[in-house]
Amino acid sequence: MGIDLVAGGKCKKSKRTAPKSDDIYLKLLVKLYRFLVRRTGSKFNAVILKRLFMSKVNEPPLSLSRLIQFMKGKEDKIGVVVGTVTDDIRVYEVPALKVTALRFTETARARIEKAGGECLTFDQLALRAPLGQNTVSILLLHFVSSCYATLASSNRNQMHPLTGNEISYALSNVSRKADPSAYIMSCERRKWGLDLFKLLWMELQVLLRGPKNAREAVKHFGSAPGVPHSHSKPYVRSKGRKFERARGRRNSKGFRV
Numbered sequence: 001m002g003i004d005l006v007a008g009g010k011c012k013k014s015k016r017t018a019p020k021s022d023d024i025y026l027k028l029l030v031k032l033y034r035f036l037v038r039r040t041g042s043k044f045n046a047v048i049l050k051r052l053f054m055s056k057v058n059e060p061p062l063s064l065s066r067l068i069q070f071m072k073g074k075e076d077k078i079g080v081v082v083g084t085v086t087d088d089i090r091v092y093e094v095p096a097l098k099v100t101a102l103r104f105t106e107t108a109r110a111r112i113e114k115a116g117g118e119c120l121t122f123d124q125l126a127l128r129a130p131l132g133q134n135t136v137s138i139l140l141l142h143f144v145s146s147c148y149a150t151l152a153s154s155n156r157n158q159m160h161p162l163t164g165n166e167i168s169y170a171l172s173n174v175s176r177k178a179d180p181s182a183y184i185m186s187c188e189r190r191k192w193g194l195d196l197f198k199l200l201w202m203e204l205q206v207l208l209r210g211p212k213n214a215r216e217a218v219k220h221f222g223s224a225p226g227v228p229h230s231h232s233k234p235y236v237r238s239k240g241r242k243f244e245r246a247r248g249r250r251n252s253k254g255f256r257v
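According to the UniProt record's numbering, the sequence shown holds residues 1 to 257 in order.
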C-alpha cells in the first residue's frame with residue numbers, strides 16, 4: 001500500500017525562499033524588496049532579495065580596505081554590500097564613499113562618515129534607487145520625461161540605438177537648458193528618446209561581496225594533511241611540544257621538514 005505524498009512529490013527545491021533568521025528588521029527588508037522585485041522587474045533588486053535570504057556563511061564581511069579598492073574610480077556611485085562592512089587599521093586615508101550595507105562596525109561607520117561619505121541602509125537605498133540606479137539631476141529627469149512624452153505618439157518601430165555623437169549632443173543641449181520638446185521635434189533623427197531614457201536610468205550601483213573562503217574553517221578543507229601536495233590545515237588540540245611534533249617534525253625522529 002502506497003503513501004500519500006505532499007503535492008509536488010519528492011522533488012524538493014533546495015534554494016531558500018525566505019531567510020532562516022527571525023530578525024524582524026531583516027524580514028521587513030525582505031518584504032520591501034519582494035514588493036520592489038514584483039513591481040519593478042529590476043534584476044538588481046532580485047539579486048538583493050536573493051542575498052537577503054542567504055546564510056551567514058554566504059554573507060561574508062567586507063573590510064574597509066577592500067571596499068576602497070573596489071570603489072576606486074567609482075566614488076560617485078553607491079557601493080552595495082549585503083553583509084557587514086568592517087574597519088581595517090592598515091588603511092590610513094579613507095575617501096568619501098557612499099555605501100549601503102546590512103551592518104557597519106562602529107569604527108568603520110565613524111571613519112566613512114568622517115571622510116564625508118554616507119553609510120546607508122537598504123530602505124534608504126530603496127527610496128533613492130528603487131530600480132537600482134543613481135538619482136540624476138532634476139533637469140535631466142525633466143528632459144528625459146519630456147522626450148518620452150513627445151515620442152509617445154510617434155512610430156516606435158523606427159527607433160534605433162544611439163550613437164556616441166547623439167549622446168554627447170543630447171547632453172550638451174541639456175546643459176544649455178534648451179527646451180527639450182522643441183529640441184526633440186527639431187532634431188533630424190528624433191526617434192531615439194526611449195533609448196536616451198534607458199541610457200540615463202542605467203544602473204549606477206556597484207554590487208560588492210566579501211571573500212567567502214577567507215574563514216578559518218575553510219583552511220581545514222581539502223585533501224587530508226600529510227597527503228602529497230595538500231595544504232590543508234590539521235586539526236590540532238594544542239600548539240604545544242607534544243602535539244604533532246614527532247616524526248617529520250623533529251631531527252631526533254627520522255627527519256625534520
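Beta carbons: idealized from backbone N, C-alpha and C, even for Gly.
Same chain only: Cβ atoms within 7 angstroms of residue i, ignoring 5 sequence neighbours per side
i: ALA115; result: VAL94, PRO95 and ALA96
i: ALA108; result: LEU64, VAL85, THR86 and ASP87
i: ARG250; result: ARG256
i: ILE89; result: none
Nearest neighbour of residue i, chosen from the options [CA to CA]
i: LEU67; options: LEU102, SER42, VAL206 and LYS253; result: VAL206
i: LYS31; options: LEU49, VAL81, ARG111 and PRO211; result: LEU49
i: ARG111; options: LYS98, ASP123 and SER14; result: LYS98
i: PRO211; options: ILE24, LEU28 and VAL82; result: VAL82
i: GLN124; options: ILE78, ILE89, THR105 and GLU113; result: ILE78
i: ARG16; options: ARG51, SER230 and SER232; result: ARG51
i: LEU26; options: VAL6, LYS12 and SER55; result: SER55
i: GLU59; options: PHE35, ALA126, ALA214 and LEU120; result: ALA214
i: TYR235; options: ARG245, HIS220 and SER42; result: HIS220
i: VAL80; options: PHE122, VAL57 and ARG90; result: PHE122
i: LEU102; options: LYS74, GLU216, ARG34 and LEU29; result: LEU29
Supposed close pair residue i, residue j - CB separation, criterion 8 angstroms
i: GLY240; j: GLY248; result: With 8 angstroms as the limit, GLY240 and GLY248 do not qualify as a contact, their Cβ atoms being about 17 angstroms apart.
i: PHE53; j: PRO19; result: 5 angstroms
Bridge partners - residue i, DSSP secondary structure assignment
i: PHE104; result: VAL85
i: ARG249; result: ARG256
i: CYS119; result: VAL99
i: ILE78; result: LYS98 and GLN205
Same chain only: Cβ atoms within 8 angstroms of residue i, ignoring 5 sequence neighbours per side
i: ARG237; result: PHE243
i: VAL37; result: ASN45, ALA46 and LEU49
i: THR40; result: PRO130 and LEU131
CB of residue i within 7 angstroms of CB of residue j, strictly
i: LEU120; j: THR105; result: no
Close Cβ partners of residue i (< 6 angstroms) along its chain, the five nearest in sequence each way excluded
i: LYS233; result: LYS219 and HIS220
i: PHE35; result: none
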